[in-house]
Amino acid sequence: MSSHPQFSLAGRRALLTGAGGAIGTVLARGVAASGASVVLQDLTPDRVSGTCEEIQSLGGTAHALGSDLADPTNCASVVQQATELLGGLDLLITCAGINRRKPIDEVSIDDFNAIVAVNMRSVFFLSQAAHAPLKAAGNGSIVHLSSLSAKFSFNTIAVYAATKAAVSSMTRSFAREWAQDNIRVNCIEPSVVKTEFTKPLWGEEHRQRWFDATTPIGRLSAPDEMLGAVLFLASDAASYITGQSIVIDGGILAGADWDSYLDDK
Ligand SMILES: NC(=O)c1ccc[n+]([C@@H]2O[C@H](COP(=O)([O-])OP(=O)(O)OC[C@H]3O[C@@H](n4cnc5c(N)ncnc54)[C@H](O)[C@@H]3O)[C@@H](O)[C@H]2O)c1
């Protein structure tokens, strides 16, 4: 049985940043499989060329772009190149992100600036550059990769969490200003997804136990489990949804088990 046409991205033209990463690769494949033509961007083209070839071999359209989004002047040129390659732009998905996990006292100015440059500043200037082509397309959509840490932080990620809170905040501000241009802006806020990016968190046995005990679903998520929410927000199935963050956390924010502290447990 095929999916409902509301969830289709057929004919859409999409730019995905950080598309060579664990989550970005899953999203690239999924967005293309839903019918969109894609430009896959990452630090270097070779990080996305394999996924591009895979999409092309299945009959889809995919282009690779390499550039460093930590340099704000590259944000506008990435959007411009993607728009030219695709003949327009209907969808922007911002997936590029970095972290440097350290206690607050050890965070240097370079650490702070590096994290802010990719996670926050590039999201602002990519979106700003995408405004005109998304408006021209007439049914634009933006989906950002924010994080549960926008709402619920852990030790050693103070700067990262602040940038993700900024992404969730920008989601609302941009949604407010651009609704009149038929551009919807939403984000997802995942808790820890089991990837190389987060291996320092789940790789340690005591942290794995913490996640297992604190997450009602009882395990960490996989990158594939980010796809459904992103496709939903990107598509016409979410045509009246803008300025929203979808938390994907296996139920962490749903509450706690107060009997877990009983002596006999
Ligand atoms: N993995 C998780 O647990 C998790 C949870 C919540 C949110 N997120 C967010 O999801 C997104 C993807 O995470 P992931 O787990 O796939 O990480 P990842 O490290 O696998 O992917 C991130 C990608 O961004 C690219 N990138 C980094 N700096 C860049 C720059 N300056 N210019 C261009 N590209 C750059 C990297 O090359 C990489 O391919 C990130 O924004 C991350 O903050 C991840």
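Residue numbering for the sequence shown follows our numbering, beginning at 157 and increasing consecutively.
Glycine included, each C-beta is placed from N, C-alpha and C at the ideal position.
Since the structure is predicted, the reported quantities are computational estimates derived from the model, not experimental observations.
1. With a threshold of 8 Å, are at least 3 pairs of Cβ atoms found where one atom belongs to the segment 341-361 and the other to the segment 171-189?
2. V194 bridges to which residues according to DSSP?
3. What I want to know is whether the C-beta of I254 ends up closer than 7 Å to one or more non-hydrogen atoms of ligand 1.
4. Is it the case that the CB of V299 approaches a heavy atom of ligand 1 more closely than 7 Å?
5. CB-CB under 6 Å to G216, same chain, minus the five flanking residues each way: which ones, in chain order?
6. In whole angstroms, what is the alpha-carbon distance linking D413 and R277?
7. If you pair each beta-carbon of the segment 234-245 with each one of the segment 166-175, do three or more pairs fall below 8 Å?
8. Pull up the DSSP beta-bridge partners for P346, would you.
9. Among the residues of its own chain, which have a CB less than 6 Å from the CB of A393, if the five just before and after it don't count?
10. With contact counted as at least three CB pairs below 8 Å, one residue from each stretch, are the segment 366-377 and the segment 192-200 in contact?
11. Can you tell me which of the three DSSP states R277 falls into?
12. R203: buried (16+ other C-beta within 10 angstroms of its C-beta) or exposed?
13. Once DSSP output is grouped into helix, strand and coil, what is the label at I271?
14. Is P228 near ligand 1, in the sense that its beta carbon is under 7 Å from a heavy atom of that ligand?
15. By the DSSP assignment, the beta strand (DSSP E) with S297 in it spans what residues?
16. From which residue to which residue does the alpha helix (DSSP H) around I448 run?
Reading off the structure:
1. yes
2. Sequence index remark: in the sequence shown, residue 194 carries index 38 (1-based). As computed with DSSP, V194 is found in a beta bridge with A170 and A218.
3. Working through the sequence shown from its first residue, we reach residue 254 at position 98. Yes, the beta carbon of I254 sits closer than 7 Å to at least one heavy atom of ligand 1.
4. In the sequence shown, counting from the first residue as 1, residue 299 sits at position 143. The answer is no for V299.
5. In the sequence shown, the residue the question calls residue 216 occupies position 60. So the qualifying residues of the chain are A188.
6. In the sequence shown, residue 413 corresponds to position 257, counting from 1. In the sequence shown, residue 277 corresponds to position 121, counting from 1. In a straight line, the C-alpha of D413 is about 38 Å away from that of R277.
7. yes
8. As a first step, residue 346 is located in the sequence shown; it is residue number 190 there, counting from the start. According to DSSP, which records beta bridges pairwise, P346 is partnered with I404.
9. Translated into the one-based positions of the sequence shown, residue 393 becomes position 237. So the qualifying residues of the chain are Q162 and F163.
10. The way I'd put it, the segment 366-377 doesn't touch the segment 192-200; fewer than three beta-carbon pairs between them come closer than 8 Å.
11. Mapped onto the sequence shown, residue 277 falls at position 121. In the structure shown, R277 sits in a helix (DSSP, three-state: H, G or I).
12. Locating residue 203 in the sequence shown gives position 47, counting from the first residue. So R203 counts as buried.
13. Indexing the sequence shown from 1 puts residue 271 at position 115. I271 falls in the helix class under three-state DSSP.
14. On the sequence shown, position 72 is the one that residue 228 refers to. Incorrect: P228 has no Cβ contact closer than 7 Å to ligand 1.
15. Along the sequence shown, one-based indexing puts residue 297 at 141. Unbroken beta strand (DSSP E) run through S297: G296 to L301.
16. Only positions 157 to 421 of the chain appear in this structure, which leaves residue 448 out of reach.
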